[in-house]
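> Residue numbers (the working numbering): 33 to 416.
Positions of the beta carbon are idealized from the N, C-alpha and C atoms, including for glycine.
Dropping a structure here in structure tokens format, bear with me for questions.
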């Protein structure tokens, strides 16, 4: 029996739109077999913070509250109060720039060939996430559900045949973190332990074989036939070092993610387990100059410093800045993987609304497969 928190994830909901698009693109063709290398180079992260998305994907050296549970557990120990944050719900939606147009075209029954022409060679994306939990001064607990689907329809460069690839990653996770500060709060260390159920879908279809696989099946049936599922245990280790004597609070952050996270439990009979997460080392540095009524933040991160995913060094660089007025109104800007990002938020302590735009590189090199996206998040609770 699956635990209640793992029975339903947003993965299924996020998959419906993109699989519907795939079925429309592939329907007019006959079946042959063909396989190619994946266009997608690395795996979407388990968690996304709206604030860090607006700041170009930075966060390793400055996150606090419940976000720190997933980004850098050492940040939990920065709280000055017994309970730093309690989140009832915090739905985050990410969507490619064509997301709304695509939805309207599918809903209106737009001609298949018009769809192919309109969206060919442009990656599509939809993502859903929700986190519920509580962060104390030295510990945090959270339950996460997330799902992302990326689809690319274009022309196979080898065969010249219309082809599509779909990648879906769904996760349900229960995480607990413990953190401590040392040396008069200049050094912080934290550990997150997590149990993650992962569901993974990878489809590579040329236009001919797609008809056979999609014939007579609902999107849910296609998902079940091709999805891999399993559960595993893993850990993240985080470290922060701050020079407290300086007003700008220069801070160095390190986090080593996904240690031991393999999905060998709960794999359905006759199926293979999802791909294990590769451990990655992320490094960040930030400054926080401020005044009595506002603060600003400048940050730079270098993700996957050990190159576990074998991508370009330019993909690993993230930089961003934030300007906030009493942590009530804030604006963010940054550059991540070579693409600009912008965001803003309104924080009313029990309600926080955040939104903006960002870019993500799906290929190995910056410029290979650019995906421009919008994000929005609404959080309800007692907020940081």
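1. Let me confirm a value: residue 358 is counted as buried when at least 16 other C-beta atoms fall within 10 Å, else exposed. Which label applies?
2. Tell me which residue opens and which closes the beta strand (DSSP E) that residue 366 is part of.
3. In or out: residue 278 buried (at least 16 other Cβ within 10 Å) or exposed?
4. Using 7 angstroms as the threshold, is the C-beta distance between residue 223 and residue 262 below it?
5. Rounding to the nearest angstrom, what Cα-Cα distance links residue 165 and residue 208 in this structure?
6. Relative to the C-alpha of residue 217, which candidate in 106, 368 and 288 has its C-alpha closest?
7. Starting from residue 335 and walking both ways along the beta strand (DSSP E), at which residues does that stretch end?
8. Suppose you measure from the CA of residue 184 to the CA of residue 304; what does that come to, to the nearest Å?
9. Can you find the residues in the same chain that come closer than 6 angstroms, C-beta to C-beta, to residue 270, ignoring five residues on each side of it along the sequence?
10. Mind checking which residues open and close the alpha helix (DSSP H) that includes residue 103?
11. What residues in its chain sit with their C-beta under 7 angstroms from that of residue 327, if we drop five residues either side in the sequence?
12. What does DSSP give as the partner residues of residue 318 in its beta bridges?
13. Starting from residue 82, trace the alpha helix (DSSP H) both ways and give me its first and last residue.
14. Just to check my reading of the structure: residue 416 and residue 97 have Cβ atoms closer than 8 angstroms, yes? What is that Cβ distance to the nearest angstrom?
15. Can you list, in chain order, the residues of its chain with a C-beta nearer than 6 angstroms to that of residue 21? Leave out the 5 residues immediately preceding and following it.
16. Since residue 76 sits in a beta bridge, which residues does DSSP pair it with?
17. With residue 427 as the anchor, note down where its beta strand (DSSP E) starts and where it stops.
18. For residue 391, collect the residues of the same chain with a Cβ closer than 8 angstroms to its Cβ; drop the 5 residues on either side in sequence, then sort them by chain order.
19. For residue 197, which residues of its own chain have a beta-carbon under 6 angstroms away from its beta-carbon, when the five flanking residues on both sides are left out?
20. If you pair each beta-carbon of the segment 120–131 with each one of the segment 310–319, do three or more pairs fall below 8 angstroms?
21. Just to check my reading of the structure: residue 341 and residue 74 have Cβ atoms closer than 8 angstroms, yes? What is that Cβ distance to the nearest angstrom?
22. If the criterion is Cβ atoms closer than 7 angstroms, does the pair residue 81 and residue 317 meet it?
23. Considering only the alpha carbon of each residue, which of 229, 337 and 350 lies closest to residue 296?
24. Which same chain residues end up closer than 7 angstroms to residue 114 when comparing Cβ atoms and leaving out the 5 residues on each side of it in sequence?
25. What separation, rounded to the nearest whole angstrom, lies between the Cα atoms of residue 118 and residue 383?
26. With a 10 Å radius around its C-beta and 16 neighbouring C-beta atoms as the bar for buried, classify residue 120 as buried or exposed.
27. Determine the DSSP secondary structure at residue 382, reduced to helix, strand or coil.
28. Would you please state the rounded distance, in angstroms, between the beta carbons of residue 211 and residue 227? I believe it to be under 8 angstroms.
29. So, with DSSP's three-state summary, where would you put residue 186?
30. Give every residue of the same chain whose Cβ lies closer than 6 angstroms to the Cβ of residue 400, excluding the five residues on either side of it in the sequence, and list them in chain order.
31. Quick one: which unbroken alpha helix (DSSP H) runs of 4-plus residues sit fully inside the segment 156–234? Chain order, please.
The structure says:
1. exposed
2. 361–368
3. exposed
4. no
5. 10 angstroms
6. 106
7. From DSSP, residue 335 is part of no beta strand (DSSP E); its letter is neither H nor E.
8. 24 angstroms
9. 104, 105, 106, 222 and 287
10. 97–103
11. 320 and 356
12. 283 and 331
13. 82–86
14. 3 angstroms
15. Since the first residue of the chain shown is 33 and the last is 416, residue 21 is not available in this structure.
16. DSSP output for residue 76 lists no bridge partner at all.
17. Past the boundaries of the shown model lies residue 427; the chain is included only from 33 to 416, so the question cannot be answered.
18. 368, 369, 370, 371, 372, 373, 402, 403, 404 and 405
19. 71, 184 and 236
20. no
21. 4 angstroms
22. no
23. 229
24. 168 and 169
25. 11 angstroms
26. exposed
27. coil
28. With a Cβ gap of about 19 angstroms, residue 211 and residue 227 do not count as contacting.
29. strand
30. none
31. none
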